[in-house]
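For the sequence shown, our numbering assigns the number 517 to the initial residue and increments by one for each residue that follows. Where a beta carbon is used, it is the ideal one built from N, C-alpha and C, also for glycine. The structure presented is a predicted model; accordingly, all values stated were derived computationally and were not measured.
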Amino acid sequence: MSKIGVIGGSGLYEIKGLVLKGRKNITTPFGKPSGQYLIGKMGNTEIVFLPRHGKHHNIPPHMINYRANIYGFKKLGVERILSISAVGGIKKGLKPGDIVVLDQVLDMTRNRKSTFYDGKEGVVHIDFTEPYCPELRQILLKAGKRIKVRLKSGGTYVAVEGPRLESAAEIRSFSMLGADVVGMTGMPEASLARELEICYSGISVIANYAAGISRQKLTVSEVMNAMKATTEQLKLLLKETFTLVPEQRKCPCAEALKEAKI
Ligand code: HPA
């Protein structure tokens with residue numbers, strides 16, 4: 517059975533129900549990942565879990581070594597990643613506690629190492645028309661239906677550099693560009709996974725209304741409380757998703773490097 521990777525975001529530093537088999541320190545040519553990878557099983561599925569901010573949440577979004585994290589999953593034999601993140605809700609109708617299965621990305625990050633291919637191994641341009649694995653998206657939506665966890669199908673994630681939150685005008689402009697949710701970690705995670713031919717899906721939990729959407733000041737405790745409140749739902753969703761993932765991948769992600777190299 518292929519291994520499934522899970523990246524935990526703010527408020528998610530463990531997977532409840534995971535039967536832990538071990539912990540792995542991984543070294544990579546790109547430096548150190550956010551911490552040890554937890555290796556375990558849920559049902560019959562082998563899971564590799566990494567909390568992207570570190571297990572004590574001590575790594576801010578702009579300091580995360582995204583390349584090392586994704587490379588570590590590849591080294592551990594992971595073919596698919598379910599990535600969980602806390603986000604601010606921009607689109608009307610999205611409220612704290614809602615869970616969105618993302619389908620598009622806007623990348624507004626500026627200072628991140630965002631590729632594995634700096635020219636030494638040739639010049640690589642991966643196709644990113646569909647940033648998230650279409651097969652995993654459908655599986656997540658199906659899992660949600662089966663266990664009656666309400667999921668919003670589709671949403672555009674705007675990735676910002678952080679660590680500060682946004683101004684109201686920034687959120688207004690992102691909204692005009694078509695963004696539905698805002699977060700600080702979704703890129704370059706998604707494109708790095710594609711560069712290593714790993715399927716990647718984005719599950720975003722609305723932790724707060726984005727700046728200017730509600731009149732309230734944004735607080736960190738609001739984000740953490742919303743994540744805590746959805747932990748049980750996420751656990752159920754992951755568990756059901758694992759049972760639905762087929763052994764063989766039929767999506768294009770597995771061949772992302774085909775015809776991508778010059
Ligand atoms: N903005 C950016 N990142 C976030 C937010 C937000 O409002 N909430 C959670 N992560």
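- Query: Taking buried to mean at least 16 other C-beta atoms within 10 Å of its own C-beta, is LEU712 buried or exposed?
  - Reply: buried
- Query: How about ASN574 and PRO549: do their beta carbons lie closer than 8 Å?
  - Reply: no
- Cβ of ASN627 versus every heavy atom of the ligand HPA: is any distance shorter than 7 Å? no
- Task: Consider the Cβ of ILE778: report whether some Cβ of chain B lies at a distance smaller than 8 Å.
- Result: Absent here is chain B; the protein component of the structure consists of one chain.
- Message: Taking the straight line between their C-alpha atoms, what separation do you get for ALA776 and GLN732?
- Response: Approximately 46 Å between the Cα atoms of the pair.
- Query: Cα separation between GLY556 and LEU598?
  - Reply: 15 Å
- Query: Anyone know if the C-beta pair for VAL564 and PHE589 falls short of 8 Å?
  - Reply: The Cβ atoms of VAL564 and PHE589 sit closer than 8 Å to each other.
- Task: Report yes or no: do the segment 613-628 and the segment 695-709 share at least 3 C-beta pairs separated by less than 8 Å?
- Result: Contact holds: three or more Cβ-Cβ distances are below 8 Å.
- Tell whether a beta-carbon distance below 8 Å holds between ARG568 and GLY638. Going by C-beta atoms, ARG568 is not nearer than 8 Å to GLY638.
- Task: In the DSSP assignment, find the unbroken beta strand (DSSP E) run with SER518 in it and report its ends.
- Result: Per DSSP, SER518 belongs to no beta strand (DSSP E) and is neither H nor E.
- Given a threshold of 16 other Cβ atoms within 10 Å of its Cβ, counted over all protein chains shown, does PHE644 qualify as buried or as exposed? exposed
- Which residues in the same chain as HIS641 place their Cβ atom closer than 7 Å to its Cβ, once the five residues preceding and following it in sequence are excluded? ALA776
- Roughly how far, in whole angstroms, is the beta-carbon of ARG653 from the beta-carbon of SER707, given that I think they are within contact range, below 8 Å? The Cβ separation is near 16 Å, so there is no contact.
- Query: Based on the DSSP output, what are the partners of MET558 in its beta bridges?
  - Reply: THR561
- Regarding GLU682 and the ligand HPA, is the C-beta to nearest heavy atom distance less than 7 Å? yes
- Item | Best match in ILE778, ASP619, VAL739 and TYR587 for proximity to ILE544 [C-alpha to C-alpha] | Reading the sequence as shown, one finds Thr at residue 544 and not Ile. Looking at the Cα atoms, TYR587 is the closest of the given residues.
- Query: For ILE722, which residues does DSSP report across the bridge?
  - Reply: VAL603
- Query: So does VAL736 have its beta carbon nearer than 7 Å to some heavy atom of the ligand HPA?
  - Reply: no
- DSSP-derived helix/strand/coil call for GLN732: coil
- Closest to VAL721 by CA distance: which of GLN764, CYS715, GLY671 and ALA727 is it? GLY671
- Item | Close Cβ partners of TYR648 (< 7 Å) along its chain, the five nearest in sequence each way excluded | LEU618, ASP619, ALA706, TYR716, SER717 and GLY718
- Task: Decide if ASN724 is buried, meaning its Cβ has at least 16 other Cβ atoms within 10 Å, or exposed.
- Result: buried
- Message: Using only the alpha-carbon positions, how far apart do MET579 and HIS572 sit?
- Response: 15 Å
- Task: To the nearest angstrom, report how far apart ILE729 and ALA684 are at their CA atoms.
- Result: 8 Å
- Heavy atom of the ligand HPA less than 7 Å from the Cβ of ALA723, yes or no? A distance criterion of 7 Å places the beta-carbon of ALA723 in contact range of the ligand HPA, judged by its closest non-hydrogen atom.
- Task: May I have the straight-line CA-CA distance separating ILE663 from LEU754, to the nearest angstrom?
- Result: 11 Å
- Message: Once the 5 residues before and after SER630 are set aside, which same chain residues still bring their CB inside 6 Å of it?
- Response: PRO704
- Taking DSSP as the reference, what is the three-state secondary structure of THR672? strand
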